[in-house]
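Residue numbers for the sequence shown follow the working numbering, beginning at 45 and rising by one. Using N, Cα and C, we set each Cβ at its ideal position, and we do this for glycine too. Input: a single structure, listed below in structure tokens.
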Amino acid sequence: MIKRFVKDIEIRLAETAGFCMGVRRAVDMVLELAQHKGDRKIYTYGPLIHNPQTVELLKKRGIIPVQDLEGIEEGTTVIIRAHGISPQERESLKEKGVMIIDATCPKVGRVQSVIKKHAAQGYRIVIVGDAEHPEVNGLLGYAAGRGIVVSNLEGAGRLPAMEKVCVVAQTTQSLDEYKAIVETIRARVPETVVFDTICDSTEKRQAEIKELACAMDAVFIVGGRNSANTRRLAQISEAMGTPTFHVETADEIQGIALGRYNRIGISAGASTPNWIIERAVDTIQNKRLGSGARGWFFTLWLGSVRTDIYSALGAACLALAAQYLQGVSFSILQLLMASFYVFSVHTLNRFVDREVSGLRGTFREEAYAKHARVYVVAALLCMLLSLGLAYMIGFVPWLMLACVSVVGALYNLRVFPKGWRFRRLRDLPGTKNLFMAAAWALVIAVIPYVAWPLDISADMIVAALFIFSIVFVRSSLSDLIEIQSDRMLGRETIPVVIGENRTRKLLDAISLFLALLLVLSYPLKWTTSLSFTLFPCVYYMWICFELCDRRTALSAAVINGLLETNYVLAGLCTVGWLVALRLLA
Ligand code: SF4
Numbered sequence: 045m046i047k048r049f050v051k052d053i054e055i056r057l058a059e060t061a062g063f064c065m066g067v068r069r070a071v072d073m074v075l076e077l078a079q080h081k082g083d084r085k086i087y088t089y090g091p092l093i094h095n096p097q098t099v100e101l102l103k104k105r106g107i108i109p110v111q112d113l114e115g116i117e118e119g120t121t122v123i124i125r126a127h128g129i130s131p132q133e134r135e136s137l138k139e140k141g142v143m144i145i146d147a148t149c150p151k152v153g154r155v156q157s158v159i160k161k162h163a164a165q166g167y168r169i170v171i172v173g174d175a176e177h178p179e180v181n182g183l184l185g186y187a188a189g190r191g192i193v194v195s196n197l198e199g200a201g202r203l204p205a206m207e208k209v210c211v212v213a214q215t216t217q218s219l220d221e222y223k224a225i226v227e228t229i230r231a232r233v234p235e236t237v238v239f240d241t242i243c244d245s246t247e248k249r250q251a252e253i254k255e256l257a258c259a260m261d262a263v264f265i266v267g268g269r270n271s272a273n274t275r276r277l278a279q280i281s282e283a284m285g286t287p288t289f290h291v292e293t294a295d296e297i298q299g300i301a302l303g304r305y306n307r308i309g310i311s312a313g314a315s316t317p318n319w320i321i322e323r324a325v326d327t328i329q330n331k332r333l334g335s336g337a338r339g340w341f342f343t344l345w346l347g348s349v350r351t352d353i354y355s356a357l358g359a360a361c362l363a364l365a366a367q368y369l370q371g372v373s374f375s376i377l378q379l380l381m382a383s384f385y386v387f388s389v390h391t392l393n394r395f396v397d398r399e400v401s402g403l404r405g406t407f408r409e410e411a412y413a414k415h416a417r418v419y420v421v422a423a424l425l426c427m428l429l430s431l432g433l434a435y436m437i438g439f440v441p442w443l444m445l446a447c448v449s450v451v452g453a454l455y456n457l458r459v460f461p462k463g464w465r466f467r468r469l470r471d472l473p474g475t476k477n478l479f480m481a482a483a484w485a486l487v488i489a490v491i492p493y494v495a496w497p498l499d500i501s502a503d504m505i506v507a508a509l510f511i512f513s514i515v516f517v518r519s520s521l522s523d524l525i526e527i528q529s530d531r532m533l534g535r536e537t538i539p540v541v542i543g544e545n546r547t548r549k550l551l552d553a554i555s556l557f558l559a560l561l562l563v564l565s566y567p568l569k570w571t572t573s574l575s576f577t578l579f580p581c582v583y584y585m586w587i588c589f590e591l592c593d594r595r596t597a598l599s600a601a602v603i604n605g606l607l608e609t610n611y612v613l614a615g616l617c618t619v620g621w622l623v624a625l626r627l628l629a
């Protein structure tokens with residue numbers, strides 16, 4: 045669980061940080077709705093989650109939070125968030141004639157049922173929780189006038205005399221406080237039935253924060269200040285005597301002096317999106333590295349990963365390896381063509397997909413949202429440059445690159461007729477990883493070397509398979525991380541179609557195939573001796589399999605950067621091979 049980032053710094057990210065099941069389910073339902081909503085107005089009854097950044101993103105997509113029923117118009121759609129609502133509010137919504145999408149967390153639904161049943165049996169209902177919290181308001185409605193809210197021990201001591209009570213807790217209550225309050229009630233009421241309705245996700249989160257607070261010099265809690273469960277995590281950590289910082293965004297970390305803390309723990313509330321947690325992790329790592337060369341290099345490297353410049357550099361490195369695998373002499377044209385093409389296609393695809401990825405919260409989203417126009421202009425310019433360079437190489441390469449670019453542009457667009465099951469190429473299951481790897485292999489290892497009549501040589505096939513394998517593994521691993529980070533991915537990704545375990549087995553098989561290909565292709569005279577020198581890329585792949593463990597305290601941006609470093613490694617191996625040949629000559 046512990047990842048040492050550099051020798052003297054230890055940063056630990058809580059395993060429980062990020063969306064809980066109920067919040068994730070609600071967000072997924074809204075994302076699904078957002079994609080097909082058309083002009084229909086969609087309201088969430090209260091903010092969907094206690095996170096201002098996500099609520100803002102939803103507003104941009106026309107999903108508006110309303111605080112009371114008055115603000116809701118007839119004929120619209122209303123989403124009930126994970127906290128649930130009272131039966132009376134539900135009735136009012138029905139009377140308004142709106143379409144109701146119920147995202148009430150099933151665990152909250154269970155508490156509602158317990159209350160309803162026991163209220164009907166004549167029990168008074170004691171709800172231990174925050175009187176102002178929407179979940180508690182909804183629960184009170186199920187008590188049909190027999191409910192009392194108790195928020196602390198003093199409140200329990202002031203309860204009126206009662207015959208029989210049913211005690212439940214708000215799902216995000218502190219377990220220790222709940223136990224103490226229950227004991228007080230038991231001592232005062234002859235017949236007390238108690239239900240442990242604290243959600244296990246909350247219990248695990250609270251247990252882990254105690255562990256973190258004990259082991260670390262300081263603890264950061266990331267999440268909305270209006271989120272009860274996030275505030276409670278900060279309270280628990282503070283109560284353990286550990287310096288605790290509750291921050292909503294990574295920007296707030298900038299003003300905090302971290303020099304005194306070598307061991308830093310990070311946790312987050314149940315409604316904190318992973319991209320916000322990851323930015324906090326990056327900021328803490330960056331700050332601890334300081335403003336010297338290490339910090340400067342880290343910022344620069346991470347910036348290049350976020351903007352796809354690192355991918356473009358990787359494409360140039362792979363193009364260099366492809367040239368020498370095919371035994372052709374060095375040409376800068378092919379490297380630049382690959383580099384411009386990769387930057388252009390990646391940027392344009394992110395632009396087309398920007399609204400959905402903005403809601404899901406990818407690590408690139410922030411940079412794209414800020415400078416969308418600059419990115420689009422740069423991407424179009426790079427596409428023109430790439431086509432121009434292809435034309436300089438030859439007419440057939442230009443024609444093939446134009447065809448691949450058209451297919452790439454059509455990938456996200458609805459090209460199939462209405463009524464078809466699949467309307468876009470990306471709707472075809474598993475296509476994203478396959479198309480991406482195939483496009484890289486074609487553009488880097490095939491297109492620059494083809495002429496008419498077509499002549500497909502063994503070394504071209506080896507180079508194409510090398511590029512395809514290395515890109516496919518990187519792209520699938522990246523999607524695996526996204527799944528582990530609770531992000532909703534579409535069926536265009538291999539891990540969603542075949543599942544995590546099968547994906548891992550598939551990637552193992554591909555890495556073994558690549559290892560065999562690199563070892564055998566030179567003795568079989570299919571390619572140059574560079575194939576041996578590229579073996580570290582396979583070894584690095586195996587290291588990456590270990591990296592893709594959600595428990596490492598590395599953000600998705602850092603992990604993606606490390607995955608893409610395999611491309612750079614291929615370039616470095618090629619340079620090393622060239623130097624060795626020269627020395628031996
Ligand atoms: Fe559901 Fe638990 Fe999340 Fe509350 S904290 S929404 S009960 S999973």
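Since residue i contacts residue j with CB under 8 Å, what's their CB separation in whole angstroms?
i	j	result
residue 354	residue 115	Residue 354 to residue 115, Cβ: 45 Å. No contact.
residue 555	residue 517	7 Å
residue 284	residue 56	About 15 Å separates the two Cβ atoms, so there is no contact after all.
residue 364	residue 618	5 Å
residue 19	residue 362	With the chain covering 45 to 629 only, the question about residue 19 has no answer from this structure.
residue 207	residue 252	With 8 Å as the limit, residue 207 and residue 252 do not qualify as a contact, their Cβ atoms being about 40 Å apart.
residue 262	residue 287	4 Å
residue 444	residue 494	7 Å
For the beta strand (DSSP E) holding residue i, just list the boundary residues, first then last.
i	result
residue 311	307-312
residue 326	Taken as a continuous stretch (DSSP letters only), residue 326 belongs to no beta strand (DSSP E), being part of the alpha helix (DSSP H) at 318-333.
residue 212	208-213
residue 87	86-89
residue 146	143-146
residue 168	168-172
residue 109	107-110
residue 7	Since the first residue of the chain shown is 45 and the last is 629, residue 7 is not available in this structure.
What span of residues does the alpha helix (DSSP H) with residue i cover, start to end?
i	result
residue 381	376-396
residue 131	131-139
residue 545	544-564
residue 455	Note, residue 455: premise wrong, no alpha helix (DSSP H); not H, not E.
residue 501	Per DSSP, residue 501 belongs to no alpha helix (DSSP H) and is neither H nor E.
residue 353	353-369
residue 156	150-164
residue 617	600-628
residue 432	416-437
residue 348	337-350
residue 181	178-186
residue 638	With the chain covering only 45 through 629, there is no way to say anything about residue 638.
residue 581	579-591
residue 96	96-104
- [ ] For the region 446-461 and the region 504-523, state whether three or more C-beta atom pairs, one from each stretch, are separated by less than 8 Å.
- [x] no
- [ ] Would you be able to state if there are at least three C-beta pairs under 8 Å between the region 127-145 and the region 161-174?
- [x] no
TODO: Starting from the N-terminal side, write out each stretch of the alpha helix (DSSP H) that is 4 residues or longer and does not extend beyond the region 260-313.
DONE: For the region 260-313, whole alpha helix (DSSP H) runs of length 4 or above, ordered along the chain, are 272-283.
Task: Beta carbon shell of the ligand SF4 at less than 6 Å from a heavy atom - done: 64, 65, 66, 67, 126, 149, 151, 152, 215, 216, 243, 245, 246 and 314
Open item on the list: Tell me whether the region 175-185 and the region 119-135 touch, counting them as touching only if at least three CB pairs, one residue from each stretch, are closer than 8 Å.
Closed with: yes
Task: Meets three-Cβ-pair contact criterion under 8 Å: the region 575-594 and the region 324-341 - done: no
- [ ] Indicate whether the contact test is met: 3 or more Cβ pairs, each with one atom in the region 298-308 and one in the region 277-285, closer than 8 Å.
- [x] Touching, no, given that fewer than three Cβ pairs across the two stretches are closer than 8 Å.
Task: Segments of 4+ residues assigned as alpha helix (DSSP H) that fall wholly inside the region 189-251 - done: 197-201 and 219-232
Open item on the list: Check whether the region 312-321 and the region 295-302 touch, using three or more Cβ-Cβ pairs below 8 Å as the test.
Closed with: no
Open item on the list: I want to know whether the region 426-446 touches the region 365-381 - three or more CB-CB distances under 8 Å.
Closed with: yes
Task: Secondary structure, alpha helix (DSSP H): runs of 4+ residues fully inside the region 466-492 - done: 475-485
Open item on the list: For the region 114-129 against the region 61-73, do three or more pairs of beta-carbon atoms, one drawn from each stretch, fall closer than 8 Å, so that the two count as touching?
Closed with: Judged by Cβ distances under 8 Å, the region 114-129 makes contact with the region 61-73, as three or more pairs qualify.
Open item on the list: Measuring CB atoms only, is the region 188-202 touching the region 239-254, in the sense that at least three cross pairs come out at less than 8 Å?
Closed with: no
Open item on the list: Contact between the region 261-276 and the region 90-97 is defined here as three or more beta-carbon pairs at a separation below 8 Å; is this criterion met?
Closed with: yes
TODO: Mind the definition here: the region 210-218 touches the region 169-184 only if three or more C-beta pairs lie below 8 Å; say whether that holds.
DONE: yes
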